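S.K.:
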Amino acid sequence: MTERNAQAHCVLTGASSGIGLALAELLLASGWQVTGVDIAPAAIKGHGQYRHLVCDLTDAAALRGLCALLDGCAPTALAHCAGAVRTGGALDTRPEDADWLWQLHGAAPMALVRALAPQLPDGRGRIVLVSSRAVLGRAQRLAYAATKSAQIGLARSLAAELIARGITVNVVAPGAVDTPMLRDPKRGAPPQVELPLGRLIDAGEVAAAIAFFLGAQAGAITGQTLYVCGGASLGAMPL
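Below is the structure:
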């Protein structure tokens with residue numbers, strides 16, 4: 434455990450499964466304190482450095498309550514890993530699905546940044562948003578791609594706003610990751626994924642990329658998007 438990590442505290446959404454859980458486990462193993470947020474109960478139990486808060490980030494009232502609860506929690510980082518997919522194209526995307534995705538991917542991180550950015554330490558505060566390779570375009574992912582694209586604009590605007598304080602804001606955009614979300618029946622038929630890499634991406638690989646942006650070594654990197662997509666963003670596979 435380094436001196437920096439002994440003082441490090443990440444507020445991490447989506448902490449009960451997938452990328453968020455992998456990141457929480459990685460940070461805890463590195464000596465961080467983690468406040469996990471998820472609609473589901475805690476997957477990490479009995480760890481003295483882990484605190485879990487149950488919250489439905491798509492519920493505006495619950496989100497306001499969460500932000501109030503986080504007041505004074507003294508984080509050094511925010512990682513917004515919570516995400517979900519709803520399928521639909523130009524003709525069949527349901528307005529309620531688009532609104533729901535915006536609340537989770539857009540309104541929630543904005544509210545959390547509003548609550549936590551004033552608490553982040555100058556010179557070493559970190560914000561990472563988990564977007565998606567779908568921002569490059571994906572059929573039948575209209576609202577999903579739009580709301581995930583919004584995260585990149587949000588991150589770049591925040592990066593420009595917070596750079597004077599030495600706080601960095603970056604995005605990690607995964608491709609098809611082997612997580613429960615990939616098999617969520619609400620996203621449509623079970624995926625037939627053929628990444629150029631030849632396999633699905635492991636959640637731990639994405640967590641490692643996020644952890645890099647959270648670390649001291651990434652202090653000069655801000656406003657950037659890193660695709661962890663198994664080569665899918667190279668144009669070697671159909672959209």
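Mind the numbering: the sequence shown is residues 434 to 672 in the working numbering, read in order. Just so you know, even glycine gets a beta-carbon here, dropped at the ideal spot from N, CA and C. Note that the coordinates shown come from a computational prediction; the quantities given were computed from them, not determined experimentally.
Could you tell me which residues DSSP puts in a beta bridge with His-480?
M.R.: DSSP, once it has assigned bridges, lists no residue as partnering His-480.
S.K.: Tell me the residue span of the beta strand (DSSP E) that contains Cys-443.
M.R.: 442 to 446
S.K.: Please determine if the stretch 439 to 449 and the stretch 464 to 473 are in contact, where contact requires at least 3 C-beta pairs separated by less than 8 Å.
M.R.: yes
S.K.: List the residues that DSSP assigns as beta-bridge partners of Ile-560.
M.R.: Leu-511, Val-602
S.K.: Pull up the CB-CB distance for Ala-541 and Leu-496, whole angstroms please, since I reckon it's below 8 Å.
M.R.: 6 Å
S.K.: What separation, rounded to the nearest whole angstrom, lies between the Cα atoms of Gly-637 and Val-661?
M.R.: Roughly 11 Å separates the two Cα atoms.
S.K.: Grab me the residues of Ala-531's own chain with a C-beta within less than 6 Å of its C-beta, minus the 5 sequence neighbours each way, in chain order.
M.R.: Only Ala-576 meet the Cβ criterion.
S.K.: Roughly how many angstroms separate the alpha carbons of Gly-479 and Trp-535, rounded to a whole number?
M.R.: 34 Å
S.K.: Note the first and the last residue of the continuous beta strand (DSSP E) segment covering Val-467.
M.R.: Segment 466 to 471, the beta strand (DSSP E) holding Val-467.
S.K.: Decide yes or no for the touch test of the stretch 495 to 509 against the stretch 552 to 571: beta carbon pairs closer than 8 Å, at least 3 of them.
M.R.: yes
S.K.: If you compare alpha carbons, which of Gln-584, Ser-463, Ala-592 is closest to Ala-653?
M.R.: Ala-592
S.K.: Can you check whether the CB of Ala-515 is closer than 9 Å to the CB of Leu-549?
M.R.: no
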